[in-house]
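Asks:
In this note's numbering, the protein residues as written are 549 to 724.
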């Protein structure tokens with residue numbers, strides 16, 4: 549599955565009688581990423597379109613979340629929702645989702661949700677230590693926050709760079 553259009557058709561086919569709400573990715577809505585779904589496809593597949601809406605509120609009001617690879621599926625798992633994966637995100641293939649994509653054979657472990665969350669957010673990643681500026685485990689970051697050690701304050705230069713990034717992002721449609 550390669551497009552949002554494909555995802556919508558697959559979700560409609562999998563749940564023909566469901567009230568299907570489509571939430572475009574925020575980057576697609578902002579013009580920063582390809583993936584706009586045409587009006588004809590939306591009319592044929594979706595019962596509602598949730599533009600510029602709170603994904604957490606949508607997840608909480610849903611019975612099932614269908615996704616290709618979105619983090620929204622991971623969040624839906626955290627909210628105890630059924631998740632159907634038409635792609636293969638990092639949280640698919642472990643027995644916690646309804647997998648419709650080609651899950652790698654190596655995903656044979658069957659962790660609990662707590663174990664998957666721990667692996668994905670604590671064991672696997674390396675975080676940035678706000679004091680030393682070096683990679684570190686999550687526990688170090690938690691300790692820094694507990695002690696109020698946040699490292700160097702944001703400078704005027706970084707504020708200007710952040711604003712410029714926002715300005716350039718609003719013109720992304722010119723070079724896409």
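The C-beta atom is built at its ideal place from N, Cα and C for all residues, glycine as well.
Cβ atoms of residue 643 and residue 633: under 8 Å apart, would you say?
Replies: The residue labelled residue 633 in the question sits at position 85 within the chain shown. The residue labelled residue 643 in the question sits at position 95 within the chain shown. Not a contact, by the Cβ cut-off of 8 Å.
Asks: Could you name the residues of the same chain whose beta carbon sits closer than 6 Å to that of residue 596, not counting the 5 residues immediately before and after it, in chain order?
Replies: In the chain shown, residue 596 corresponds to position 48, counting from 1. The residues are 569.
Asks: For residue 571, does the count of other Cβ atoms within 10 angstroms reach 16, so buried, or fall short, so exposed?
Replies: Along the chain shown, one-based indexing puts residue 571 at 23. Per the 10 Å Cβ criterion, buried.
Asks: Around the C-beta of residue 567, are 16 or more other C-beta atoms found within 10 angstroms, so that it is buried, or is it exposed?
Replies: Taking the first residue of the chain shown as 1, we reach residue 567 at position 19. Flag for residue 567 reads exposed.
Asks: Relative to the alpha-carbon of residue 652, which residue among 631, 640, 659 and 594 has its alpha-carbon at the smallest distance?
Replies: Within the chain shown, the letter at position 104 stands for residue 652. Of the candidates 631, 640, 659 and 594, the one whose C-alpha sits nearest the C-alpha of residue 652 is 640.
Asks: Once you ignore the five residues that flank residue 598 on each side, which residues in its own chain have a CB closer than 6 Å to its CB?
Replies: Taking the first residue of the chain shown as position 1, residue 598 is located at position 50. So the list reads 569, 571 and 606, once near-sequence residues are dropped.
Asks: Which residues in the same chain as residue 677 place their Cβ atom closer than 6 Å to its Cβ, once the five residues preceding and following it in sequence are excluded?
Replies: Within the chain shown, residue 677 is the residue found at index 129, counting from 1. Excluding positions up to five away in sequence, the list reads 684 and 688.
Asks: Do you know offhand how far residue 667's Cα is from residue 686's?
Replies: On the chain shown, position 119 is the one that residue 667 refers to. On the chain shown, position 138 is the one that residue 686 refers to. So the alpha carbons of these two residues sit roughly 11 Å apart.
Asks: Report the rounded CA-to-CA distance for residue 546 versus residue 555, giving the unit in angstroms.
Replies: There is simply no residue 546 to check, as the chain begins at 549 and stops at 724 in what is shown.
Asks: Rounded to the nearest angstrom, how far is the Cβ of residue 631 from that of residue 645, given a contact under 8 Å?
Replies: Along the chain shown, read from residue 1 onward, the residue named residue 631 stands at position 83. Along the chain shown, read from residue 1 onward, the residue named residue 645 stands at position 97. Yes, they are in contact, since the Cβ atoms of residue 631 and residue 645 sit about 4 Å apart, within 8 Å.
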